[in-house]
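Chemist:
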Amino acid sequence: KEQREKKIFLDGQFVNEADAKVSVFDHGLLYGDGVFEGIRAYGGRVFRLEEHLERLFDSAKAIRLTIPLSLEELTNAVLECCRTNSLWDGYIRLVVTRGKGDLGLNPASCPKPTLFIIADAIRLYPPSVYERGLRLHTAAVRRVSSEALEPAIKSLNYLNNILAKMEASASGSDESLLLNEQGCVAECTGDNIFVFKHGELATPPVSAGVLPGITRREILRLAREEGIPAVERNMTRYDLFVADEVFLTGTAAEIVPVVEIDGRTVATGKPGSLTQKLLLRFRALTRSTGPLIYSSGRPAETE
Ligand code: PMP
Numbered sequence: 002k003e004q005r006e007k008k009i010f011l012d013g014q015f016v017n018e019a020d021a022k023v024s025v026f027d028h029g030l031l032y033g034d035g036v037f038e039g040i041r042a043y044g045g046r047v048f049r050l051e052e053h054l055e056r057l058f059d060s061a062k063a064i065r066l067t068i069p070l071s072l073e074e075l076t077n078a079v080l081e082c083c084r085t086n087s088l089w090d091g092y093i094r095l096v097v098t099r100g101k102g103d104l105g106l107n108p109a110s111c112p113k114p115t116l117f118i119i120a121d122a123i124r125l126y127p128p129s130v131y132e133r134g135l136r137l138h139t140a141a142v143r144r145v146s147s148e149a150l151e152p153a154i155k156s157l158n159y160l161n162n163i164l165a166k167m168e169a170s171a172s173g174s175d176e177s178l179l180l181n182e183q184g185c186v187a188e189c190t191g192d193n194i195f196v197f198k199h200g201e202l203a204t205p206p207v208s209a210g211v212l213p214g215i216t217r218r219e220i221l222r223l224a225r226e227e228g229i230p231a232v233e234r235n236m237t238r239y240d241l242f243v244a245d246e247v248f249l250t251g252t253a254a255e256i257v258p259v260v261e262i263d264g265r266t267v268a269t270g271k272p273g274s275l276t277q278k279l280l281l282r283f284r285a286l287t288r289s290t291g292p293l294i295y296s297s298g299r300p301a302e303t304e
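Per the UniProt record's numbering, residue 2 is the first one in the sequence shown, and the count goes up by one each step.
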């Protein structure tokens with residue numbers, strides 16, 4: 002298939018990918034000073050766009066960064082970016098940095114934030130991962146303490162997650178589990194974690210140092226709709242070892258089963274039935290809600 006050049010929304014206009022450049026003096030690059038969102042489009046609709054934009058504005062507010070567009074303008078920019086790139090199913094990355102400044106870290110030298118939106122195809126986990134499940138490894142690096150950096154802020158600081166991801170690869174596992182400084186389970190490198198045991202679903206609270214994931218929120222809700230008690234509770238690695246089911250949730254991953262943790266097989270070593278049920282329900286939901294990208298059906302040029 003012929004690859005058309007991607008158009009990036011950068012500082013108020015659409016530019017070709019090759020021209021989508023950000024300064025080497027941008028504090029997003031120099032200091033990780035910025036916030037972002039990862040969003041999915043499913044079947045010509047953007048899933049939970051409002052919630053993602055609300056989280057973005059909240060993250061920006063918490064770091065005293067003024068987003069240069071209103072909520073309505075940003076909503077339109079995301080939808081327009083999808084249309085410009087003929088996106089039907091895909092991934093949207095929305096980034097706002099402190100902008101170009103001097104070499105000092107003080108954001109006072111940055112008069113104008115940088116804002117860009119990329120709408121692209123998504124690289125999914127292969128279907129085998131959903132059928133077979135992931136093997137987790139507990140990382141030696143800990144999740145950044147919630148007392149150092151509020152975990153609800155979706156900032157550009159992912160270095161410890163990256164180090165944890167490298168540990169997973171080095172240990173021959175698929176993904177790393179991050180504990181907090183107290184040794185309680187926090188989350189994985191880009192996903193929240195859930196445990197099902199004795200008929201109850203549990204996930205660590207935000208205070209344990211986890212991003213309040215949008216998929217996490219949907220899963221808590223869907224489980225309760227299924228009549229399953231779903232709670233936020235602190236847990237240790239032991240709770241994962243002895244669980245009936247463990248799974249991860251995230252925008253890119255959706256719901257992925259976990260079948261092994263630090264050499265311990267979770268239950269039978271096969272993805273659990275609740276995990277599969279929630280994945281089906283979640284997938285149905287993603288295709289039936291969210292603002293429409295195209296007002297009059299699927300255009301022929303969409304991929
Ligand atoms: N935790 C971290 C650290 C993440 O980066 C993500 C992905 N945004 C998540 C959890 C899952 O959040 P969401 O369901 O909103 O994608």
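Every residue, glycine too, gets a C-beta built ideally from N, C-alpha and C.
Helix, strand or coil: how does DSSP classify Ile294 here?
Modeler: If DSSP states are grouped into helix, strand and coil, Ile294 belongs with coil.
Chemist: For a quick check, are the C-beta atoms of Gly29 and Thr98 less than 7 Å apart?
Modeler: yes
Chemist: Are the CB atoms of Asp240 and Val196 within a distance shorter than 7 Å?
Modeler: Taking 7 Å as the cut-off, the Cβ atoms of Val196 and Asp240 count as close.
Chemist: Let me know if His53 comes out buried or exposed under the rule of 16 or more other beta-carbons within 10 Å of its beta-carbon.
Modeler: buried
Chemist: Can you tell me the Cα-Cα spacing of Phe242 and Asp263, whole angstroms?
Modeler: 9 Å
Chemist: My guess is that Leu66 and Val79 are in contact by the Cβ rule of under 8 Å, so how many angstroms apart are they, rounded?
Modeler: Their Cβ separation, rounded to whole angstroms, is 18 Å, which puts Leu66 and Val79 out of contact at 8 Å.
Chemist: Beta-carbon within less than 7 Å of Arg217's beta-carbon, same chain only, minus the 5 sequence neighbours each way: which residues are those?
Modeler: Asn193, Thr204 and Thr250
Chemist: On the three-state DSSP scale, how would you describe Phe48?
Modeler: For Phe48, the three-state secondary structure derived from DSSP is coil.
Chemist: Among the candidates Ser296, Ser147 and Pro127, whose CA atom is the shortest distance from the CA of residue 1?
Modeler: Absent from the structure is residue 1, since the part of the chain shown begins at 2 and ends at 304.
Chemist: Looking at the strands, I want to know which residues DSSP matches up with Leu11.
Modeler: Gln14 and Phe117
Chemist: Counting only the same chain and skipping the five closest in sequence on each side, list residues whose C-beta sits under 6 Å from that of Ser24.
Modeler: Lys101
Chemist: Could you tell me which residues DSSP puts in a beta bridge with Leu249?
Modeler: Ile194 and Val257
Chemist: Once DSSP output is grouped into helix, strand and coil, what is the label at Cys189?
Modeler: Looking at Cys189 - three-state DSSP - the assignment turns out to be strand.
Chemist: Helix or strand or just coil, what does DSSP make of Arg265?
Modeler: Arg265 sits in a strand when the DSSP states are folded into three classes.
Chemist: Should Pro152 be labelled buried (16 or more other beta-carbon atoms within 10 Å of its own) or exposed?
Modeler: buried
Chemist: Helix, strand or coil for Tyr43 per DSSP?
Modeler: In the displayed model, Tyr43 falls within a strand according to three-state DSSP.
Chemist: Do residue 1 and Cys83 have their C-beta atoms within less than 7 Å of each other?
Modeler: Here the chain comprises residues numbered 2 to 304, so residue 1 is not present and cannot be evaluated.
Chemist: Would you say the beta carbon of Asp192 comes nearer than 6 Å to a heavy atom of the ligand PMP?
Modeler: yes
Chemist: What separation, rounded to the nearest whole angstrom, lies between the Cα atoms of Lys8 and Tyr92?
Modeler: 14 Å
Chemist: Which residues does DSSP list as the beta-bridge partners of Ile93?
Modeler: Ile40 and Ala120
Chemist: At a threshold of 6 Å, does Gly35 count as lining the ligand PMP (C-beta to nearest heavy atom)?
Modeler: no
Chemist: May I ask you to report which of helix, strand or coil DSSP gives Asp27?
Modeler: strand
Chemist: Alpha carbon to alpha carbon, how far is Glu255 from Glu81?
Modeler: 24 Å
Chemist: Please identify the residue among Leu281, Val259, Ile215 and Thr290 whose C-alpha is closest to the C-alpha of Glu176.
Modeler: Among Leu281, Val259, Ile215 and Thr290, the Cα nearest to that of Glu176 is on Val259.
Chemist: Between which residues of its own chain and Val130 is the CB-CB distance below 7 Å, once the five residues before and five after are set aside?
Modeler: Val257
Chemist: Using three-state DSSP, classify Arg217 as helix, strand or coil.
Modeler: helix
Chemist: Could you check whether Lys198 and Ala244 sit closer than 7 Å to each other, using their CB atoms as the reference points?
Modeler: yes
Chemist: Could you check which residue in Tyr32, Ala171 and Glu182 has the C-alpha nearest to that of Leu160?
Modeler: Tyr32
Chemist: Can you tell me the Cα-Cα spacing of residue 305 and Val186, whole angstroms?
Modeler: Since the first and last residues shown for the chain are 2 and 304, residue 305 lies out of range.
Chemist: Please report the distance separating the alpha-carbon of Leu104 from that of Ser110.
Modeler: 9 Å
Chemist: Does the Cβ of Gly188 lie closer than 6 Å to at least one heavy atom of the ligand PMP?
Modeler: Residue identity differs from the one stated: residue 188 is Glu in this sequence, not Gly. Flag set: Cβ of Glu188 near the ligand PMP.
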